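K.L.:
Here you go, one structure.
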Amino acid sequence: MSTNTWNRHHVLSLADFTVSEYDTVLQTAASFREVLSRRTKKVPALQGHVVANLFFEPSTRTRSSFELAAKRLSADTLNFAASTSSLTKGETILDTAKTYLAMGTDIMVIRHREAGVPDAIASEMDRLGVHVSVLNAGDGQHEHPSQGLLDLFTITTLLDSENPRLELLKGKKIAIVGDILHSRVARSNIWSITASGAELHLAAPPTLLPKLFADCGKDRPGKLFLHWELEPALADADFVMTLRLQKERMTGHLLPSLREYHQRFGITRAKLNNCKANVKVLHPGPVNRGVEISSDLMDDPEFSLIQNQVTSGVAVRMALLYLIGSGKA
Amino acid sequence: MSTNTWNRHHVLSLADFTVSEYDTVLQTAASFREVLSRRTKKVPALQGHVVANLFFEPSTRTRSSFELAAKRLSADTLNFAASTSSLTKGETILDTAKTYLAMGTDIMVIRHREAGVPDAIASEMDRLGVHVSVLNAGDGQHEHPSQGLLDLFTITTLLDSENPRLELLKGKKIAIVGDILHSRVARSNIWSITASGAELHLAAPPTLLPKLFADCGKDRPGKLFLHWELEPALADADFVMTLRLQKERMTGHLLPSLREYHQRFGITRAKLNNCKANVKVLHPGPVNRGVEISSDLMDDPEFSLIQNQVTSGVAVRMALLYLIGSGKA
Amino acid sequence: MSTNTWNRHHVLSLADFTVSEYDTVLQTAASFREVLSRRTKKVPALQGHVVANLFFEPSTRTRSSFELAAKRLSADTLNFAASTSSLTKGETILDTAKTYLAMGTDIMVIRHREAGVPDAIASEMDRLGVHVSVLNAGDGQHEHPSQGLLDLFTITTLLDSENPRLELLKGKKIAIVGDILHSRVARSNIWSITASGAELHLAAPPTLLPKLFADCGKDRPGKLFLHWELEPALADADFVMTLRLQKERMTGHLLPSLREYHQRFGITRAKLNNCKANVKVLHPGPVNRGVEISSDLMDDPEFSLIQNQVTSGVAVRMALLYLIGSGKA
Numbered sequence: 004m005s006t007n008t009w010n011r012h013h014v015l016s017l018a019d020f021t022v023s024e025y026d027t028v029l030q031t032a033a034s035f036r037e038v039l040s041r042r043t044k045k046v047p048a049l050q051g052h053v054v055a056n057l058f059f060e061p062s063t064r065t066r067s068s069f070e071l072a073a074k075r076l077s078a079d080t081l082n083f084a085a086s087t088s089s090l091t092k093g094e095t096i097l098d099t100a101k102t103y104l105a106m107g108t109d110i111m112v113i114r115h116r117e118a119g120v121p122d123a124i125a126s127e128m129d130r131l132g133v134h135v136s137v138l139n140a141g142d143g144q145h146e147h148p149s150q151g152l153l154d155l156f157t158i159t160t161l162l163d164s165e166n167p168r169l170e171l172l173k174g175k176k177i178a179i180v181g182d183i184l185h186s187r188v189a190r191s192n193i194w195s196i197t198a199s200g201a202e203l204h205l206a207a208p209p210t211l212l213p214k215l216f217a218d219c220g221k222d223r224p225g226k227l228f229l230h231w232e233l234e235p236a237l238a239d240a241d242f243v244m245t246l247r248l249q250k251e252r253m254t255g256h257l258l259p260s261l262r263e264y265h266q267r268f269g270i271t272r273a274k275l276n277n278c279k280a281n282v283k284v285l286h287p288g289p290v291n292r293g294v295e296i297s298s299d300l301m302d303d304p305e306f307s308l309i310q311n312q313v314t315s316g317v318a319v320r321m322a323l324l325y326l327i328g329s330g331k332a
Numbered sequence: 004m005s006t007n008t009w010n011r012h013h014v015l016s017l018a019d020f021t022v023s024e025y026d027t028v029l030q031t032a033a034s035f036r037e038v039l040s041r042r043t044k045k046v047p048a049l050q051g052h053v054v055a056n057l058f059f060e061p062s063t064r065t066r067s068s069f070e071l072a073a074k075r076l077s078a079d080t081l082n083f084a085a086s087t088s089s090l091t092k093g094e095t096i097l098d099t100a101k102t103y104l105a106m107g108t109d110i111m112v113i114r115h116r117e118a119g120v121p122d123a124i125a126s127e128m129d130r131l132g133v134h135v136s137v138l139n140a141g142d143g144q145h146e147h148p149s150q151g152l153l154d155l156f157t158i159t160t161l162l163d164s165e166n167p168r169l170e171l172l173k174g175k176k177i178a179i180v181g182d183i184l185h186s187r188v189a190r191s192n193i194w195s196i197t198a199s200g201a202e203l204h205l206a207a208p209p210t211l212l213p214k215l216f217a218d219c220g221k222d223r224p225g226k227l228f229l230h231w232e233l234e235p236a237l238a239d240a241d242f243v244m245t246l247r248l249q250k251e252r253m254t255g256h257l258l259p260s261l262r263e264y265h266q267r268f269g270i271t272r273a274k275l276n277n278c279k280a281n282v283k284v285l286h287p288g289p290v291n292r293g294v295e296i297s298s299d300l301m302d303d304p305e306f307s308l309i310q311n312q313v314t315s316g317v318a319v320r321m322a323l324l325y326l327i328g329s330g331k332a
Numbered sequence: 004m005s006t007n008t009w010n011r012h013h014v015l016s017l018a019d020f021t022v023s024e025y026d027t028v029l030q031t032a033a034s035f036r037e038v039l040s041r042r043t044k045k046v047p048a049l050q051g052h053v054v055a056n057l058f059f060e061p062s063t064r065t066r067s068s069f070e071l072a073a074k075r076l077s078a079d080t081l082n083f084a085a086s087t088s089s090l091t092k093g094e095t096i097l098d099t100a101k102t103y104l105a106m107g108t109d110i111m112v113i114r115h116r117e118a119g120v121p122d123a124i125a126s127e128m129d130r131l132g133v134h135v136s137v138l139n140a141g142d143g144q145h146e147h148p149s150q151g152l153l154d155l156f157t158i159t160t161l162l163d164s165e166n167p168r169l170e171l172l173k174g175k176k177i178a179i180v181g182d183i184l185h186s187r188v189a190r191s192n193i194w195s196i197t198a199s200g201a202e203l204h205l206a207a208p209p210t211l212l213p214k215l216f217a218d219c220g221k222d223r224p225g226k227l228f229l230h231w232e233l234e235p236a237l238a239d240a241d242f243v244m245t246l247r248l249q250k251e252r253m254t255g256h257l258l259p260s261l262r263e264y265h266q267r268f269g270i271t272r273a274k275l276n277n278c279k280a281n282v283k284v285l286h287p288g289p290v291n292r293g294v295e296i297s298s299d300l301m302d303d304p305e306f307s308l309i310q311n312q313v314t315s316g317v318a319v320r321m322a323l324l325y326l327i328g329s330g331k332a
């Protein structure tokens, strides 16, 4: 594995990822994907290491993916769920993290409903001069870097299964559709896609896509476009990424109705007619069938990469844990 | 281990189990029981395999038993509990199962409060042409096959500890007592016991034992009898299986009072007087002491097989996981 | 490891611990602390053993510490949390313990909000003549022996890192400050410290420190003193142990206000002026910052041993699991 270009101790955001960092993750994940196709899907890479999943916000899907990735690297895992924790006893989040540090945790995988918590914990660890690594597993509306990387891995391995790399996106048109304003997944994907030479088109109702998102495209290799209707984003698109719609948004009067949303921004087979012939659709899950995407399209392996994304997730998270875990002397 | 007769990919119900399938499970479990008596109670049979416990209905006891069985086969385990899951985010059950499939799960152990959910997931997996196996860990009032098999293992190893097999039940009289109508445990036991040459006697108040249960005995090697009082079921019985009484039944006006229920259908030492001299009592647990069974009888090792059932549970679940897990190329 | 003096099958209380038992735990923990400093922090000592964490009262911190200790000894772990358990189905606590026994559990780590539960389970296991061991992980206001031992390990390794032993406390002055009445941590520490030749000073408001605590010092090598104000306890102290203040105490009218409590009994840098120059402060966690201890003092590595305590916890719990687990034939 060519890990010679990896110097990153924490993975908190994709905003400053370099091309060689993207490529190192993609290539490491590709080698682990090969491990996952074996009968015995384990390697001893992180034997004796401890990965603590500190999920201050509940998430079975992402937690299971990280847990499985850690176990397949032979690490020991600890699960922390906020609801049964000392947080209810008044302990601060930093104190909780320091407790897991003191127990001997090597890597902390952190999810929190407020943006910035993984950064704050990583800063505290650095201030203390300790070797623990922090991996952001989703913080508020900020970022979800492992999701961005697994989406990238899903797309690039489709384009070159043996040698996935960022430059494969050059010249591709990618659309991100849906509740971009509130989506940490969208933010991470915006950074990775604009780091390549792709054209990125964001499409959402105006309430869910403020103009200031145009700033994300400044000084990036790729071009960024904003649309308040779906059609121009889909025209000639190679990939369409739909986002989960939090039903809570309805109560905030940001949307008229789920039915109208689906009619205007839901992805259906008919709406894909103006895309490239071999267009593929992604969704980070869990899916509200018939809202963000029509149920039949979601299940159609000709178009849907949704299951591939889940599989990619384990390989990419193995890569991230391996890269930040094995960097230690 | 003579597993040459095993072709079953999922274990969803005992309704169509063959004699040779029963015997394969019993003999495989017997060999694992030997492993469990060693100091180091592990075998590498499922190293690198992933067993996901998808418990949409909470159950510590059954989940722990499956988890331990999987760990003793050196599998990696993932636990999913509905309360902290994406289900609250609107994802369908099939989508949850497909997510665990895509992560690389080899065996899904599924419990759900609605009958048919494990079957539906297994059908979907078969439709997709994937190699994942589904094990029903209790679905609504339908079946709980691993419980039926552990009860069978408990009884047959008592009759021939070295060579447990279905035909040992031939000529035995077995009573099942209690809330048969609502019991998935009863249903699975009815299938296994009537598959042998035993006499099976069901006893319950009429509200908990509709006449249509007589149909379960049609075209089966064993004979099935229904009783709306306890005494004829217990007369000369070799084994008495009591069932858990859901206290919620009271509110449905199906029962007069717990006290009266215990008086009429609760198993006590006195009521065992008309059974065979060496009669044994079983209960799937958890027990309402003093309701389904008197507290002193439950703790009397001369009569009670309740602890043996729990121990059998781990060996039988190891056998099931091994048989369906090692069938894969 | 000099474990030749270890005959204890359960660890329920420190009240009757002998000097040689304390020293065996301290020395075994010291050898495991060395393991924890290696890159691969695992030993195969309890391979194939099952450690069940039966936490009838939720606690992420202590459960994670025991879970990690067990995993580092290569044991398999099962976690039981009361909220998702059969307890809600009416099963008794002893029946739950016997179920885990029957599954093949070797060591039960038990926490319960009522004093005496671990003792009751241990007695039942002994009555049954089985080899399972019980480790009290905190029972009501009674004891928390592993916490007492980790505090002792933290202090004695500071005094002699290579050879921690009880006699190092001889002549030291140790203060325990706070809600002593309701603290199982205080009780376990009172037993260990008075077993040494140290001077132990308890300080709390009269409502949280009844006179009868003086009885704990009778016929013990160390001397015990009670104070209803902080100053005499701190004068020339070598170690100050603060206790967590349950905020619920306020509603019981045992305390005027958190602010006044902090002013009178909270530990601050200023109040340490009358202690020995190299005084150290301990707290079992989780900490209410600014109540029991000032926030800056808690984070000051010159004074605070709080992180060391957490690290000691894993080593001491490995020692306890190893000592009671490897005693079996």
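Residue numbers (my numbering), protein chains in the order written: chain A, 4 to 332; chain B, 4 to 332; chain C, 4 to 332.
Cβ coordinates follow ideal geometry from the N, Cα and C atoms, glycine included.
The structure presented is a predicted model; accordingly, all values stated were derived computationally and were not measured.
#1: If I follow the unbroken alpha helix (DSSP H) through A:N192, where does it start and stop?
#2: Assuming A:F59 and A:H115 form a contact by the criterion Cβ under 8 angstroms, report the distance between their Cβ atoms to the nearest whole angstrom.
#3: Tell me A:N56's beta-bridge partners as DSSP assigns them.
#4: Any contact between the region 185 to 202 of chain B and the region 146 to 156 of chain B? By contact I mean 3 or more CB pairs, one from each, below 8 angstroms.
#5: Thinking C-beta only, is A:L155 closer than 8 angstroms to A:Y325?
#6: Does the Cβ of B:E70 have 16 or more other Cβ atoms within 10 Å, making it buried, or fewer, making it exposed?
#7: Comparing C-alpha positions only, which one of A:D299, A:E295, A:V120 and A:K226 sits nearest to A:A207?
#8: What span of residues does the alpha helix (DSSP H) with A:D129 cover, start to end?
#9: Which residue comes first and which comes last in the beta strand (DSSP E) that contains A:T3?
#10: Start and end of the alpha helix (DSSP H) containing C:E37?
#11: Have a look at A:D303, A:D182 and A:N56 and flag the residue whose alpha-carbon is nearest the alpha-carbon of A:P209.
#12: Taking Cβ positions only, does A:G143 come closer than 8 angstroms to chain B?
#13: Considering only the alpha carbon of each residue, which of B:R320, B:S329 and B:G328 lies closest to B:L39?
#14: Starting from the beta carbon of C:T317, find every residue of chain A whose beta carbon is closer than 9 angstroms, and list them in chain order.
#15: Which two residues bound the contiguous alpha helix (DSSP H) that contains A:L318?
#16: Around the Cβ of C:S89, are there at least 16 other Cβ atoms within 10 angstroms (buried) or fewer (exposed)?
#17: Just to check my reading of the structure: A:T27 and A:T8 have Cβ atoms closer than 8 angstroms, yes? What is that Cβ distance to the nearest angstrom?
#18: Which residue marks the beginning of the beta strand (DSSP E) containing A:G141, and which one marks its end?
#19: Nearest CA to the CA of B:G200: which residue from B:G220, B:E170 and B:C219?
#20: What's the gap between the Cα of A:D79 and the Cα of C:G269?
#21: Sorry if obvious, but does the Cβ on C:D79 come closer than 7 angstroms to a heavy atom of the ligand SAM?
#22: Using 10 angstroms around the beta-carbon of A:I327, count the other beta-carbons present and answer buried if the total reaches 16, otherwise exposed.
#23: Could you check which residue in C:N277, C:S297, C:L81 and C:I196 has the C-alpha nearest to that of C:F20?
#24: Give the secondary structure of C:K226 by DSSP, where H, G and I count as helix, E and B as strand, and everything else as coil.
#25: Based on Cα-Cα distance, which residue from B:L17, B:Q310 and B:A118 lies nearest to C:L104?
#26: Looking at the C-beta of C:D222, does it have a partner C-beta in chain B at a distance below 8 angstroms?
#27: For C:K214, name the three-state secondary structure that DSSP assigns.
#28: Please check if any C-beta of chain B sits within less than 8 angstroms of the C-beta of A:G288.
#29: Quick check on C:D109: buried or exposed, where buried means 16 or more other Cβ atoms within 10 Å of its Cβ?
#30: Reducing DSSP to helix, strand and coil, say where B:H204 ends up.
#31: Does the structure place the region 298 to 310 of chain A close enough to the region 135 to 143 of chain A that three or more beta carbon pairs sit under 8 angstroms?
#32: Let me know the secondary structure DSSP gives B:L169 once reduced to three states.
#33: At 7 angstroms on the CB atoms, spell out the chain A contacts of C:S164, in chain order.
#34: Work out the CA separation of C:F306 and C:A273 for me, nearest whole Å.
#35: For the candidate residues C:L131, C:S164 and C:K101, whose alpha-carbon lies nearest to that of C:L29?
#36: If we call anything under 8 angstroms between Cβ atoms a contact, is A:I177 one with A:L203?
P.N.:
Reading from the atomic positions:
#1: R187 to A198
#2: Going by Cβ atoms, the distance from A:F59 to A:H115 rounds to 4 angstroms, so yes, they are a contact pair.
#3: BP columns for A:N56 point to A:N82 and A:V112.
#4: yes
#5: no
#6: buried
#7: A:E295
#8: V120 to L131
#9: No answer is possible for residue 3 of chain A: it lies beyond the span of chain A, which begins at 4 and ends at 332.
#10: V22 to L39
#11: A:D182
#12: no
#13: B:R320
#14: Checking the sequence, you will find Val at residue 317 of chain C rather than Thr. Taking a Cβ-Cβ cut-off of 9 angstroms, the neighbours of C:V317 in chain A comprise A105, M106 and G107, given in sequence order.
#15: First, the residue type needs correcting, since residue 318 of chain A is Ala and not Leu in the sequence shown. Where A:A318 is concerned, the enclosing alpha helix (DSSP H) stretches over I309 to G328.
#16: With a pLDDT of 49 at C:S89, under the threshold of 50, the modelled position of that residue is not reliable, and the figure given next carries that caveat. Under this definition C:S89 is a buried residue.
#17: 5 angstroms
#18: S136 to D142
#19: B:E170
#20: 38 angstroms
#21: Absence of the ligand SAM from the depicted structure is noted, as is the absence of any ligand whatsoever, leaving it without description.
#22: buried
#23: C:I196
#24: strand
#25: B:Q310
#26: Answer no: the Cβ-Cβ gap between C:D222 and chain B never drops below 8 angstroms.
#27: helix
#28: yes
#29: buried
#30: strand
#31: no
#32: helix
#33: Ordered by position in chain A, no residue passes the 7 angstroms Cβ test against C:S164, which lies about 17 angstroms from the chain.
#34: One Cα belongs to C:A273, the other to C:F306, and the distance between them is close to 12 angstroms.
#35: The shortest Cα separation from C:L29 among C:L131, C:S164 and C:K101 belongs to C:S164.
#36: yes
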